[in-house]
Each structure stands twice: as C-alpha cells, then as structure tokens.
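Under our numbering, the first residue of the sequence shown carries the number 65, and numbering increases by one thereafter.
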Amino acid sequence: MTRSVPPPAELLEIAVEVARDAAATAYRMRAEGVSIAATKSTVTDVVTAADRAVERQVLDALAKQRPDDAVLGEEYGAAEAAAAPSGVRWIVDPIDGTVNYLYAIPYCAVSLAAEVDGEVVAGVVRNIFTGEEWTATAGGGAWRDGRRLRCSTETDPGQALVATGFGYDPGRRSHQARVIAELIPHVRDIRRLGAAALDLCLAAEGRVDAYYEKGLAAWDLAAGGLVAAEAGLRVTGLRGLPAGPDLVIAAPPALFQPLHDRLADLDASGGP
Ligand code: IPD
Ligand code: CA
Numbered sequence: 065m066t067r068s069v070p071p072p073a074e075l076l077e078i079a080v081e082v083a084r085d086a087a088a089t090a091y092r093m094r095a096e097g098v099s100i101a102a103t104k105s106t107v108t109d110v111v112t113a114a115d116r117a118v119e120r121q122v123l124d125a126l127a128k129q130r131p132d133d134a135v136l137g138e139e140y141g142a143a144e145a146a147a148a149p150s151g152v153r154w155i156v157d158p159i160d161g162t163v164n165y166l167y168a169i170p171y172c173a174v175s176l177a178a179e180v181d182g183e184v185v186a187g188v189v190r191n192i193f194t195g196e197e198w199t200a201t202a203g204g205g206a207w208r209d210g211r212r213l214r215c216s217t218e219t220d221p222g223q224a225l226v227a228t229g230f231g232y233d234p235g236r237r238s239h240q241a242r243v244i245a246e247l248i249p250h251v252r253d254i255r256r257l258g259a260a261a262l263d264l265c266l267a268a269e270g271r272v273d274a275y276y277e278k279g280l281a282a283w284d285l286a287a288g289g290l291v292a293a294e295a296g297l298r299v300t301g302l303r304g305l306p307a308g309p310d311l312v313i314a315a316p317p318a319l320f321q322p323l324h325d326r327l328a329d330l331d332a333s334g335g336p
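As structure tokens, then:
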C-alpha cells in the first residue's frame, strides 16, 4: 500500500487550528464554572467535564480532517487502532494542568502532537488562559509568537532554576519529595508550576533553566518535549534511555550531565 504522509508543517497547521478551538472551549467552560466529574488514579487526580468535552471536540475535529489517523488521548485512550493506515498518530492532552484549571490558576494548556511512525514531528501547546502558544516541528525549530526559541545558556547547576512536578499517588509523591529535598541545596531553586507541557515550553525559552519529572504520560510529554528539544534542550531519560514514564530530564547541554548524575544518584526514577 502506498501512503502519503503530510510534511510536519502541514500536520502542525492542523494541530494549531484544532488546539486553538479546543482552548477556546476550555476557556469558555471555565468561565461558566467548573466541577469535578470523576477521579482517576487517586482522589486528587480529577477529571472535569471540560477535560472530556475538549478531548471529544479534538477527536471529532481530527476525524473530520484526518479520518485515517490514530489518536491517543488522556481521557478516551486510543480512539483508533494503534497502527493507523496513514502512519500518523495524534497525541492529545485536552487539559494539562487540570488542578490549576479547577482553581483558575492561569497555567494550564491544550497539548496536541502528531507522530509519524512513532516519532513526534509536530506539536503545539496553548495556554488556555493567556493564549500563549508554543509550536515546533522536527528539524524546524521551536517557536512562540513568531520568535524562534533557544534554551537557557546557564552553565552552573548551582544557578539553575529547575522545574519539576509530582504524580498523584501519595507513595510516589513521598519519594519525589525526598529527591527534591536533596536536590534543592544544589540549585538556584525549584518550581512546581503544575503543567508538564508548559514546564517544557518554559524551558524552551529559558524561563526555567531545566525540567525533570518522573511519571509523565505520552500526552504530557509529546508536544512539549518536541518544543524543548527543538529549542536545544537535551530531552532524555536516565543513562541513555529515552524520555518516558521512568524519568524525563530536559536540560541545556551544559547542565545536562550534572543534573542527570545528581538525579541518578538520588534515584529520581525509583520509588513507586
Ligand atoms: C499533570 C500535570 C502536572 C504533572 C503531572 C501530570 P494533568 O497532568 O502535568 O504538572 O506534575 O505529572 O499528570 O493530570 O493535569 O493532565
Ligand atoms: Ca490532562
């Protein structure tokens, strides 16, 4: 079978259009009031009606434009077969930073990425409250508002502002807190802002120097990870592993090794 896969720029154009509409829906629903619809892994891992409505809207929009593609979403899972005839798979987090959304803290985003044969080639992250929008294509750079992004040039780990996040499981959080307790004396400071996709985008423009977290799902990482990598950060796991649920480290080249080694010593990928 011959298949024609659109170039990354074309996939990005679709992603941006769909993400903008999705973010508008999320914003409107937040203004109308929000309540918890369900909980997932733990009582603090909440889903609002907006998480579901926004993902449904994204699935419908993609199905119209790209009916032969697969989609993986946080709320509805794999909406299509994992191997799409087109070779394209979309990865969507309708609201990254759901707890911020619930509390109207303006740090939550729609995250949408396109993968071709398992490699993320295009991604957009759009802040639902502020409209800030980060985009990237594989090999085409990372961008916000027409400006090409470059990561921090910091070289001293002791001066690095490091973002991270916590999982929802109390046991995991305890381990993550122990890691932070040992890391914080050696860096400028730590930030726990509450949305992994946005943390990666902030790192892409040096608004934090680096980021790490254990427990990210594909939808937290896909778009923001590409934005960070295209801005020059190294985005990997521990000891040469790819970035994934065990650990994501996103750091500028000069900071990568010292941060990596300290996180390895602290067993940052360990615990439940
Ligand atoms: C969460 C946020 C948070 C991160 C968690 C994620 P959600 O995503 O990105 O910052 O620390 O690991 O699960 O649940 O708000 O989509
Ligand atoms: Ca989410």
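The beta-carbon is built from N, C-alpha and C at its ideal position, and this holds for glycine as well.
Using alpha carbons as the reference points, say which of D220, Q121, L266, V69 lies closest to V251.
Looking at the Cα atoms, D220 is the closest of the given residues.
Can you list, in chain order, the residues of its chain with a C-beta nearer than 6 Å to that of C172? Leave out the 5 residues immediately preceding and following it.
So the list reads I159, G161, N164, Y165, I192, A259, once near-sequence residues are dropped.
Kindly list the residues whose CB is nearer than 7 Å to the CB of A145, restricted to its own chain and excluding five residues on each side of it in sequence; keep chain order.
At A145 the pLDDT is 48, less than 50, meaning the model places this residue with poor confidence; the figure from the coordinates comes in the next sentence. Cβ within range, chain order: A134.
Is the distance from the Cβ of A125 to the Cβ of V111 below 8 Å?
No.
With DSSP run on the structure shown, which of helix, strand or coil describes P158?
In the structure shown, P158 sits in a strand (DSSP, three-state: E or B).
Identify, in the order they occur along the chain, each residue of the same chain with its Cβ nearer than 7 Å to the Cβ of D181, setting aside the five sequence neighbours on each side.
The answer, listed in chain order, is G151.
Do A287 and L319 have their beta-carbon atoms positioned less than 8 Å apart in this structure?
Contact flag unset, no.
Going by Cα to Cα distance, which pick from A202, I254, P317, P71 is closest to A227?
Of the candidates A202, I254, P317, P71, the one whose C-alpha sits nearest the C-alpha of A227 is I254.
Does DSSP put V80 in a helix, in a strand, or in coil?
Residue state, collapsed to three classes: helix.
Measure the alpha-carbon distance for L136 versus G231 and round it to whole angstroms.
For L136 and G231, the distance between alpha carbons rounds to 20 Å.
Pull up the CB-CB distance for T201 and A73, whole angstroms please, since I reckon it's below 8 Å.
Sure, about 6 Å apart at Cβ, within 8 Å.
Taking A314 as part of the beta strand (DSSP E), name the residues at either end of that continuous run.
Here the beta strand (DSSP E) through A314 covers 312-315.
Reducing DSSP to helix, strand and coil, say where I244 ends up.
The answer is helix: DSSP assigns I244 an H, G or I state.
For a minimum of 3 consecutive residues, which ranges assigned as the beta strand (DSSP E) are wholly contained in the segment 227-280?
For the segment 227-280, whole beta strand (DSSP E) runs of length 3 or above, ordered along the chain, are 253-255, 274-277.
Can you find a heavy atom of ligand 2 that lies under 7 Å from the Cβ of D115?
Under cutoff, so the answer is yes.
Would you list the residues sitting across from A142 in a DSSP beta bridge?
A142 pairs with L136.
Can you find a heavy atom of ligand 2 that lies under 7 Å from the Cβ of D160?
Yes, the beta carbon of D160 sits closer than 7 Å to at least one heavy atom of ligand 2.
For E77, I'd like the list of residues in its chain whose CB is within less than 6 Å of its CB, leaving aside the five on either flank, ordered along the chain.
Cβ within range, chain order: n/a, list empty.
Closer than 7 Å: is that where the CB of E96 sits relative to any heavy atom of ligand 1?
Not so, every heavy atom of ligand 1 lies at least 7 Å from the Cβ.
Taking just the CA atoms, how far does R326 sit from D310?
Each residue's Cα considered, the two are about 16 Å apart.
Is E183 near ligand 2, judged by its Cβ being under 7 Å from some heavy atom?
False, no ligand heavy atom lies under 7 Å from that Cβ.
Short check: CB of A315 to CB of L264, under 8 Å?
No.
Hey, could you find the ends of the beta strand (DSSP E) L123 is sitting in?
Looking at the DSSP string, L123 is not in any beta strand (DSSP E); the run it does join, the alpha helix (DSSP H), is 113-129.
For the beta strand (DSSP E) that A286 lies in, which residues bound it at each end?
Where A286 is concerned, there is no enclosing beta strand (DSSP E), although the alpha helix (DSSP H) it sits in stretches over 282-294.
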